[in-house]
Amino acid sequence: MSNIITLPAGTSAEPLMAVRGLSVAITGTTGERQLLSDIDLTVNARSVLGIIGESGSGKTILSRALVNWVRQPLKVTSGTVRYGGLDLLTLPEAEMARLRGREIAYIGANPTSALDPTVPVGHQILEKLRTVSPQLSREAAHKRVIDTLDAVRIPSPAQRFDEYPFQFSGGMMQRALIVDALVSNPKLLIADNITQPLDVTVAAQILRLLRDLQKDFDTAVVFISSSLGIVSEIADDLIVLDRGRIVEHSPVSDLLHKPQHAYSRELIAKVPKLWSLGGTIPQPSSGEVVLDVRDVEKTYEVRDRKAIFAHRKVKAVRGVSFTVRRGENFGIIGESGCGKSTLSRLLSCLEAPNSGQILFEGQDIASLRGADLLALRRRFQLLLQDPYNAIAAHCSIGRTIAEPLLIHGLGNRNEIETKVKAVMTEVGLPETLYDQLPVGLSAGQRQRVNIARALVLEPELLILDETLSALDQVEQAKLLDLFETLQARRGITYVYISHDLAMVRRVCARIAVMYLGRIVELADNETMFERSAHPYTRALLSAVPTVEHKPYRMETYLLEGEPPDPIDIPPGCSFRTRCPFAFDRCAIDDPVRGADIGVNTSACHLRADSLPPADAASPSNGAPA
Amino acid sequence: MAFAIEFFLRRIGQGLVIVLLVAFVIFTLLRIVPGDPIRIILGPMTPASVLEETARNLGLRDPILVQFGRFVTQVASGDLGRSFIRGVQGGSTGGSQDSAGFDPESRASVAELIGTALPYSLQLAALGIVFTLLVSVPLGLAAGLRSGRWPDRLGLYVSSFLVSLPNIWVGVVLIFLLSAKTGLLPAIGYKGFAYTIIPAMVLAIELSPVLIRAISVSVAANLGETYFDVGLVRGLSRRAMIARHVLRNAAVPLFNLFGAQMIGMLLGGLFVVEYIFSYPGLGMLTINAVFQRDFPIIQAVAILASGVLVAINMLVDFASTTIDRRLKF
Amino acid sequence: MKTTRRMFLAGATALGAGSLIIGPTGKLGSAFAQDGKTLSFAAAGTVTSSWDPSSHTVAPQITAEGFLFGHLTKCPMTAENPGEILPDLAVEWKVIDPFTLEYKLRQGVTFHDGKEFKAEDVKATYEYASQPSRPASAWYPGQVEVEIVDDYTVRLKTEKFGYPALNFWYVSAFLPILSAKDVANPDVLKQRPNGTGAFRYEATKGDQIIFKAFDKFHEGKPQIETVLWNYVPDANTRVLGLLNGQYHLTERLEPEQYASLSKEANITTQRGLSSENKYLHFRCNKPPFDDVRVRLAAVHAIDREQVLAVVGDAGQASNCHISPVKFGYTDVASYPKFDPELSQKLLAEAGFPKGQGLPEIEYITSVGFYPKTREYGELITAMLQEQGFPVKLTTLEPAAWEEQLYRRADGQGPGHIVDVGWITGSPEPDLVLRPNYLSKFALINGVSDPEIDASLDKERNAASTDERLKILQTETLPLIAAKVPSVSLFSSVFLRAMSKNLQGVYFYPNGPIDLSKATLA
Amino acid sequence: MNSSTAQATLPKSSQPTRGRGVTARILRRAWSYTEMRVAASVFLALALLTMLGPFIIDASATKMNVTDKFLPPLFMEGGKLPHFLGTDQLGRDLLLRSLIGLRNAFAIGVVSVIGMFVIGCAIGIYAGYRGGWVDVILMRLTDVQMSIPVVILAITILGMSRPSPASVIAVLILASWPVYARVSRGVTLSERQKEYVRAAKILGASDLRIMVRHIAPNILPPIAFVAVLDIARMMIFEAIFGFIGIGIQPPTPTFGTIISSGTQYLLNAWWITIVPGVLLALALSSLNLMGGVLERARNQILQGGA
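Protein chains in written order, with the working numbering: chain P, 7 to 631; chain Z, 11 to 339; chain E, 841 to 1361; chain U, -2 to 303.
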């Protein structure tokens, strides 16, 4: 079958891959259920085919079917996947194996579990390279891997070669996997949702990297994503997948501007919008200060593997200060590792800060114990992200919501039931659920149970730690409305901790941006999104995958590399290692953000007007200024 | 390197504490359970006053902590003491009632007794492990690699069946079948290597099911890991993935199983099996010592056993962290 | 009294001895010990490191000492004539008065070290060994003075110590004669045995003791040059060794082993009634067995015939608290018999109708020391339960059992019923009766009964052996049978086996083996 | 296998990951195995036989009858009713004794497993939840405990004291609680990071309440499945103790004592040893097979839905 290898793939006459009438079903105890129906698609050489669909639409199954990776309980029920004159689906396993990794490469959504955790990353890439190109000498292969690692801008590749998968961040790992996929120079690359687990700034980097490489390597790419914003950045053509069926297939610009199918329009409507928002932007409140966070620090110790009996300090939160006023919606945003979750634990009094104070109505919550703490907990609640794990499966819904009342010893059995039912109605849960187990509740309903449980204590301050991020857009919107209603009725103050810029944009009056354990910018909503003063904020905003016009162009603000290790925070401005505008002073002098007295502050030596003006970058693919 | 040094320093330190605690627990236990060794040392008809006096002379009436302190000092200087009961001839003597002249020097040194018995036990243990591996590695691998299919079921049946056989019974049945009925192999006592075979088979029957199950679960779990499927899609062959990655990853839980469970089972098994077969190893020595209230031997064996367990656990953990760098220690 | 001995699988392989192929190494072992001069003995017990006979009461060591030491007299202890006394180092003996015995000593006897045997040695030995501080003094009636009449005549005098000298009449056959020189130097005594016996001590190597024939043995040098005492704790291994020719002689067989070895062509089995009886002692100083009616009720509940059926060859029926090979043995007519109705009646009289109200009774027995103790323990437990005794059986390993056996400082012992055997090396009945039934001792049962005490003193103080025999048989033994501080279940039979080509061996009922006339073809 | 594939196809809401939902699913999954049903039937049949045995076989058969000793099983020459499987050295009915032995062993197994489960998990949850030095000390304690093999510990304690059912159970618990402490501690460690624990804390629940009301109901059911295997293990230990002579004392029938006394008569009355052993092996095999299937089902459910 050597003709497969030598086949002049991608000639204009013939598509690289053609899928015809592909159907996949799942077999289970309840019989067969169709997951993909009658898929037709064509991948042309050197082109990028985007596939967009929501979770559950069958994207991943489709992507795997393209490499004949369909296993029990899934089953291909009909159709062909033709590649170079062969039907991959009927190809014997041994011949399929000769195509995989050589002609057709695949990258999945979960980079951290894609490689053997016990073998250094470089060694695994080397192993693959040597398998697909046995003629390469060990030294040559080694050099090629390191060169390619270098090409995808992995810092100090020779050293990284010997590091283990767990030592790679998600973004680094995804780069390594791109290397792994491209090192054999395949004709077709299938990239299944590869930016999904990544932060927006890192995802933007990966996206750009993939686009560059695709051009350099002349590889055809099937790019699968659930984010229209992302896929539209890279794809030439776009396929819209809805419940296992292709509903639309058209060039990206056509789809974005003239969607044919109702579902496509729905998808586009769902893409979060930050700047083309209707309605009013939330305004700062002038109420009394409810929460006053003063210069809070939190450090953890980890064991040092390189020295004897040594510990290293992880500086998770470094001098965070802000104030929240009554009736206000305050937002804290940042990417993974920025210290949000530590801050959330500090705010919810699960941990105490190493230094600094957290004052709730003037009282330092870190010093509270016993009954005082219990009393505080009534007025001060936190809502968590995961609606599945936050409530117990073995308790009835009524019992779950009643739990805080029982803990605090509020009321007798009847009073509790009345209260619980009232609050259930308030959050939009039917009273009939009172005696039911949470099994079968949707994510939104579960989150409502969660909210009801917090509300039953009638708190004054609610901290929402990624509370809505597990929900889809529609549910999110409904709950945000609920919060608004509750705020109006009960005068609750909210602190939203989130990485979701669109959500924050919609509801928060004032917003703090965190980077490496610090608030780098704190400003009111409008200033933040329209006239941000910090390069990091701008980078963040520029990387948001939207399909609207952005004031900050990605080309201008794209960040290099990844945030430094919180153990080894560089001297000077901690952002300077990635800042496109860093200059000499940044390396010596750590910029300090002014105290939060209601004005907008930013921790940057540059004044907002020395940064490139919003929406002023050149429209071409120009290098950063 | 720094990691290795710290690892061993830390673990040896912890290990010493554990061994010391084990020694203390056993030491205390021996002194609070009913049964006064002095009656056995001196024999049944010794007058009470003589009993007391000898017990005092031997330090058996001091507070436990004082006795323990003395014992630890003695062990630290390399002396495991002398048996209460066993004469230098090796056999247990029963009561030498020479109250005036009870002379510990005439009793066998514990270190020597252990030194004599240990090689037998090691030989038995080694052969047992070899048998165990011969049975469980092929079966476990087959079961793990064909998860859900017949080799897997076979593995389940075989391990469920073997684990249900009490070693005492298996021992007796094997003696009956292989020795008494057919005369294929010798069984009771020890007069040559052949005497190790049946006891080792009993050990293997006890250990195999655990290992079969562990290997199959561990291998199957790794086949279910994303990296395995991804590896195939990345272009590596199934064989290469299994040989280079699955087995490597599967080894980590197996190492831990070996350290945490198998060695303990092996030690326990040795005791019972040696007892069944009158096999002159450590287990036999210890069981007799227990029944004879021969404290010095029991203590020494307990210390030795826990020391071995601690050391093996340390090595196993080190091997695991070397294979899988994510593991903490 | 005590050995460690594995009962495990005892008999398992021996039962199939006929069809048994010994393992590969078996052949190897048969190569040695075939020269006709070396006898290899598989012993069930080992010896202490002290060779001073007065330092212990350990049965296997007495067997070992049997090779080495001579005694003034010999008692073959046969059931036909339990009181028979034969000369050994003494050639004549007579009663001078109630407190004096005279022995004429044999001339021309030498110790292993070459010293000539004389009256001084008898004096030294008797006066040393009978000191109450010597651990083995319990074997002897009491302290004694020895008067040297001349080099070959001695007189044992007991007047000063207040008991009749006749008490030594039989014990003289049991007390090993030491050299006066050694008695003066206890260290030597401990380290190197020096007697007048047929064999001398050569060396101890690991589990083996080597004895060599004594050239100047007064009855003539034994034909067997070397005796190897191999300590083989496992009964099964002993049998296997015997079968494959590694050993010529072995002891302490299980009944099943004995039965199957009897069928072997080249093996001689030997079944010898021993001086040991097996007893169940009742702890008489605590309820409920402080009441003689309850004790009798228990005894009437036990069908000793069934017990014997379980014990098989290892036991022989006897209705007496002493063994048939003991002086004074008689078949006590009034010995309590299996009678459930009487048992119920006695229980009711004692206030425990059908056993109601009895506390839980613990029956302590050993496993692995005497044959079949657990089996008949279960049987007796069931029999007692049948009559309403709430009995719980506790089986212990020999060491643990022995630790529980004797009364403690507070006078009481653990449990309520204890299974034990009592063996002595002389026909003297008092060695059994006084330690067990005299209130002052009552080592195990703790009985305190003036009538028994009086009767025991009366028989001891009898002026002549005939009179003593009469008192024992008509008064003392029936009295003990009526009061049952303990019940004697049966008399033990020792089961041994040897190679067919070993002949002329004499086994004493308490264990020692006389090889001085033995030949090995 | 292919959990990731299956996961991708299932809508999230159908994947309960914790609590009783899981338990029920594991049980359902386990029951779908033929092995489970066969093993359960065998076990149930034995249990029934144990309960009914004394009614089927004449009760006097348990009594000793020296004239009827060493009767072979019915299928052999010389067998005699009502002794289906023959008699022992004291003429007692072997089947009945084995069944009673099985019942006693099972009772001891169950009680000791419950004991070690409760104690071990309580300690494990406490250590895992508390963390810090409490954890270090408790875990080192389990190290110590685990460094003494069960048999050695048992021989030392039981061999030196007077064994009774209670002391046998106590020794088994003492020797085996660390396993449960370790497992439950491990799960608790990861569990206390989970959101529901944080949620409960934020609501103001005390630590005790969190451990008892929130963590325990979540983590214990899956551990309980493994405990089934331990019942069998404990029954084997009970037999070993009986064999060595440090278990429950005769005449109460236990497998260990029956086997150990039978070994003396192995060649002329092999059934005394073999018959109870076969019965025990049958009972334990069914128990172990059930445990094995449960464990397997648990792994499938937990890995498939994690």
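All residues carry an ideal CB built from backbone N, CA and C; glycine is no exception.
Closer than 8 Å to chain Z by CB, residue i
i, result
"Met157 (chain U)", "yes"
"Arg210 (chain U)", "no"
"Leu286 (chain U)", "yes"
"Asn1076 (chain E)", "yes"
"Trp267 (chain U)", "yes"
CB contact below 8 Å: residue i versus chain E
i, result
"Gly253 (chain U)", "no"
"Gln107 (chain Z)", "Note that Gln107 (chain Z) has pLDDT 46, beneath the 50 cutoff, so the model's placement of it is unreliable and the number below is only indicative. So, interface residue."
Residue burial classification, residue i (beta-carbon count within 10 angstroms, cutoff 16)
i, result
"Met304 (chain U)", "Limits of chain U in this structure are -2 at one end and 303 at the other, which puts residue 304 (chain U) out of reach."
"Gly858 (chain E)", "Bear in mind that the predicted position of Gly858 (chain E) carries a pLDDT of just 30, short of 50, making it unreliable; the figure below should be weighed with that in mind. Classification of Gly858 (chain E): exposed, given that the 10 Å Cβ count is below 16."
"Pro306 (chain Z)", "buried"
"Glu999 (chain E)", "exposed"
"Glu292 (chain U)", "buried"
"Asn116 (chain P)", "buried"
"His540 (chain P)", "buried"
"Asn921 (chain E)", "exposed"
"Gln211 (chain P)", "buried"
"Pro619 (chain P)", "exposed"
Identified DSSP bridge partners for residue i
i, result
"Glu307 (chain P)", "P:Lys319"
Cβ of residue i within 8 Å of any chain P Cβ
i, result
"Val229 (chain Z)", "no"
"Asp334 (chain Z)", "yes"
"Gly202 (chain Z)", "no"
Neighbour list for residue i in chain Z, Cβ cutoff strictly below 7 Å
i, result
"Leu121 (chain P)", "Tyr237"
"Phe315 (chain P)", "Glu16"
Min CB distance residue i to chain U below 8 Å
i, result
"Gln479 (chain P)", "no"
Neighbour list for residue i in chain P, Cβ cutoff strictly below 7 Å
i, result
"Ala196 (chain U)", "Leu390, Ala396"
Per-residue contacts from residue i into chain Z (C-beta, under 8 Å)
i, result
"Leu217 (chain U)", "Those within 8 Å of Leu217 (chain U) in chain Z number zero; the least Cβ separation is about 21 Å."
"Met143 (chain U)", "Ala270, Gly274, Leu319"
Where residue i meets chain U, residues with beta-carbon distance less than 9 Å
i, result
"Thr1221 (chain E)", "Pro247, Pro248"
"Leu1329 (chain E)", "Those within 9 Å of Leu1329 (chain E) in chain U number zero; the least Cβ separation is about 15 Å."
Proximal residues of chain U, C-beta to C-beta of residue i below 8 Å
i, result
"Val183 (chain Z)", "Thr270, Ile271, Gly274"
7 Å Cβ cut-off: residues of chain U touching residue i
i, result
"Gln1146 (chain E)", "Val63"
"Glu1200 (chain E)", "Ordered by position in chain U, no residue passes the 7 Å Cβ test against Glu1200 (chain E), which lies about 11 Å from the chain."
### Query
Between the segment 1237 to 1253 of chain E and chain Z, which residues of the former have CB atoms less than 9 Å from a CB of the latter, in chain order?
Glu1237, Pro1238, Ala1239, Ala1240, Glu1242, Glu1243, Gln1244, Leu1245, Tyr1246, Arg1248, Ala1249
### Residues in the segment 190 to 202 of chain P having any Cβ partner in chain Z nearer than 8 Å
Ser190
### Query
Using Cβ-Cβ distances below 7 Å, what residues of the segment 327 to 361 of chain P are close to chain U?
Listed in sequence order: Ser354, Leu356.
### Message
For the segment 34 to 64 of chain P, list every residue whose C-beta sits within 7 Å of some C-beta in chain Z, in sequence order.
### Response
Flagged: no residues at all.
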